[in-house]
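Per numbering that gives the first Met the number 0, the very first residue in the sequence shown carries number 0; after that it's consecutive.
Take a look at the structure below.
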Amino acid sequence: MPLPALIEIVPLEKAVPAEITVPGSKSITNRALIAAALAEGETALRGALGSEDTQVMVEGLRALGFGVKGAGDPQEFCNRTIMVRGLGGKIPRGGTLESPLEIFVGNAGTAARFLTALVCLGHGIYRVHGVKRMHQRPQEALFHALRELGYCIDSVNDKLPATVHGNGPREGTCCVSIAESSQFASALLLCAKAGGWHVNVVGENAEESPYVAMTLKLTEVFPKRGGEFQIEPDCSSGSYFLAAGEHEFMGKKENHSTEVHQVGGVSTLSPTVINWPETRWQIDQAFSEVLFALHEGPRSRFWKLHSSRAASPSREETQPQSVHTLSRRDDLGDSIMTAIVLAPLLALPVRFVHLGRLRVQECERVIALRNELTRCGAKVVEEGDTLEVFPSKLHGAEIETYSDHRLAMCFAILGLKVPGVKIKNPACAKKSFPNFFQKLAAPPPRGLGATILEARTARALTHDELFAE
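Below, the structure written as structure tokens:
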């Protein structure tokens with residue numbers, strides 16, 4: 000039975016022991032799928048995420064003729080062991096001008112960008128397309144770089160849908176900007192060796208972009224002739240459970256703390272996330288450190304180092320410790336949305352800066368966050384690509400998710416702290432975390448034991464009814 004169209008999250012009333020597993024990293028899984036397709040021989044991807052976005056990538060590779068099969072993971076229901084038979088840089092299939100090979104990418108940014116670069120290595124004509132929102136998202140920098148390498152990309156407005164003319168490997172040099180998305184560079188870098196491409200990355204924070212760094216690290220260590228590759232848990236997904244209990248988790252290998260903190264007047268647990276990564280491949284690995292800093296306030300060493308960054312001189316002079324700053328570019332990735340949603344419950348305002356990329360993702364996330372927090376009673380000021388969130392007395396509301404998985408999950412965590420939070424279209428969580436609501440409701444130690452209601456009838460939903468499909 001599918002998730003209802005509207006659910007209500009009942010706040011937690013007491014502390015419970017919780018040690019949560021979260022599915023594999025979506026970013027690493029989709030990079031590893033491309034790397035495995037380009038390798039020689041069969042590669043087993045262990046701990047790979049099984050979600051809508053990764054399934055879109057798997058189906059794209061199958062459409063191209065790659066052998067891809069999967070098996071369940073006994074440790075985490077939404078993980079898979081995915082076996083990919085690579086062909087050493089060869090693309091098995093291609094279409095014709097009259098009948099292009101269709102590649103559907105849904106609303107998966109990584110699949111859209113990575114598969115567009117990959118099919119250039121094939122021989123034939125490919126039509127890459129997705130859902131309406133994907134057709135609105137930027138692609139121009141990637142198309143420009145591929146054209147610089149000598150490939151023909153036909154597109155009415157430099158967005159999807161696009162027709163790609165695959166001409167196989169073509170040695171050359173290109174320049175790609177990551178000002179709008181680091182995925183453009185990652186798409187090229189994943190295929191660079193097979194294509195003979197030399198890729199120059201430019202744009203804001205080009206040398207330090209954590210997602211470009213992730214791609215470079217993965218291509219360096221990935222088994223080139225088949226074998227096994229372990230995918231680590233997704234830190235963006237883990238952020239929700241760390242936030243659920245305000246846990247100052249610091250990324251230790253083992254942590255079984257059951258400390259209780261006060262959140263909006265309600266005692267809640269500090270859950271742990273099992274096998275929290277230590278590689279620093281994911282920028283959101285820092286969420287635990289940031290969460291600790293948010294609650295320590297001016298006492299935190301983090302804020303002493305970071306709070307003045309990106310603030311205007313006048314604000315620094317007049318309010319040196321009254322406003323803290325968090326950056327989407329420098330401090331956190333997608334988990335900054337979790338921090339934004341929690342910010343009204345803090346004692347001090349927080350300025351969230353460099354949010355431009357949030358505007359061109361699954362939805363216009365800056366406006367969506369402002370609108371839905373305001374709907375809950377928060378004071379939020381939007382200025383440019385900055386949101387300033389002030390301490391506020393919150394109340395329940397019906398939350399519009401805009402078909403965005405991260406909005407659904409962020410506000411569900413707020414619902415564990417604020418009575419009356421109802422989530423529209425919660426099934427959009429399937430994009431990255433299909434069993435998210437099951438983990439909220441599962442009894443401890445593998446879940447938080449939360450009650451989730453069908454909002455129209457106030458009926459408590461069962462485990463099977465909470466899976467997003």
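The beta carbon of each residue, even a glycine, is placed where N, CA and C say it ideally should be.
Quick caveat: nothing in here was measured; it's all calculated off a predicted structure.
Indicate the three-state DSSP secondary structure (helix, strand or coil) for residue i in the structure shown.
| i | result |
| --- | --- |
| Y239 | helix |
| V104 | coil |
| C427 | helix |
| T385 | strand |
| M133 | helix |
| S288 | The amino acid at residue 288 is misidentified as Ser; the sequence shows Glu. Note: E288 maps to helix in three-state DSSP. |
| N166 | strand |
| D283 | helix |
| V15 | coil |
| C234 | helix |
| H394 | coil |
| L2 | coil |
| I335 | helix |
| K421 | strand |
| S83 | Reading off the sequence, residue 83 comes out as Val, not Ser. Here V83 sits in strand by DSSP. |
| R224 | coil |
| I472 | No answer is possible for residue 472: it lies beyond the span of the chain, which begins at 0 and ends at 468. |
| A110 | helix |
| A459 | strand |
| E7 | strand |
| V21 | coil |
| T244 | Checking the sequence shown, residue 244 turns out to be Gly, not Thr. Looking at G244 - three-state DSSP - the assignment turns out to be coil, as it is neither helix nor strand. |
| G40 | strand |
For residue i, report the span of its alpha helix (DSSP H) as first-last.
| i | result |
| --- | --- |
| S326 | Element bounds for S326: not the alpha helix (DSSP H) but the beta strand (DSSP E), 323-326. |
| L188 | 182-194 |
| R56 | Note that residue 56 corresponds to Met in the displayed sequence, not to Arg. Counting along the chain, the alpha helix (DSSP H) containing M56 begins and ends at 51-62. |
| S26 | 25-37 |
| A70 | Note, A70: premise wrong, no alpha helix (DSSP H); beta strand (DSSP E) at 66-71. |
| Q437 | 435-440 |
| I124 | From DSSP, I124 is part of no alpha helix (DSSP H) but of the beta strand (DSSP E) over 122-128. |
| R146 | 139-147 |
What do you reckon, are the CB atoms on residue i and residue j nearer than 8 Å?
| i | j | result |
| --- | --- | --- |
| E41 | G225 | yes |
| A411 | I8 | yes |
| L357 | R327 | yes |
| F432 | L465 | no |
| P1 | E468 | yes |
| G237 | G165 | no |
| G90 | V127 | The residue you asked about is not Gly; residue 90 is Ile in the sequence shown. Contact: no. |
| L415 | L11 | yes |
| T373 | V379 | yes |
| H462 | A426 | no |
| V289 | D333 | no |
| V130 | G59 | no |
| E18 | I273 | yes |
| V365 | P348 | no |
| W196 | L187 | yes |
| V175 | V200 | yes |
Between the options, which has its C-alpha nearest residue i's C-alpha?
| i | options | result |
| --- | --- | --- |
| V211 | C234, R61, F183, A191 | F183 |
| V163 | F142, S180, L415, C173 | F142 |
| Q281 | I230, A396, G149, T20 | I230 |
| F65 | S98, P99, V83 | V83 |
| T53 | L452, D233, L386, H462 | D233 |
| A31 | A47, A428, R458, V379 | A47 |
| N106 | I124, L100, K158, L290 | K158 |
| L447 | Y239, V220, R126 | Y239 |
| H394 | A377, H404, K131 | A377 |
| R61 | D72, I81, P390, C77 | I81 |
| A346 | S50, N78, E147, H294 | H294 |
| L145 | P270, K25, S185, Q135 | S185 |
| T95 | P443, G108, G121, R79 | G121 |
| T218 | I27, P276, K131 | I27 |
| M408 | I124, K438, V379 | K438 |
| G171 | G149, V155, N156 | G149 |
| S181 | G195, L189, S208 | S208 |
| L344 | E58, A38, C375, S391 | S391 |
| D384 | G419, V417, L325 | L325 |
What residues match up with residue i in a beta bridge as DSSP calls it?
| i | result |
| --- | --- |
| V211 | Partner(s): none; V211 has no beta bridge. |
| N78 | L48 |
| V200 | V175 |
| R350 | T324, E387 |
| A377 | None, per the DSSP bridge assignment. |
| Q229 | R45 |
| A161 | V127 |
| T271 | E18 |
Mind checking which residues open and close the beta strand (DSSP E) that includes residue i?
| i | result |
| --- | --- |
| F466 | First-last for F466: undefined, no H or E at that position. |
| C409 | Not the beta strand (DSSP E): C409 falls in the alpha helix (DSSP H), residues 404-414. |
| L452 | 451-453 |
| I152 | 151-153 |
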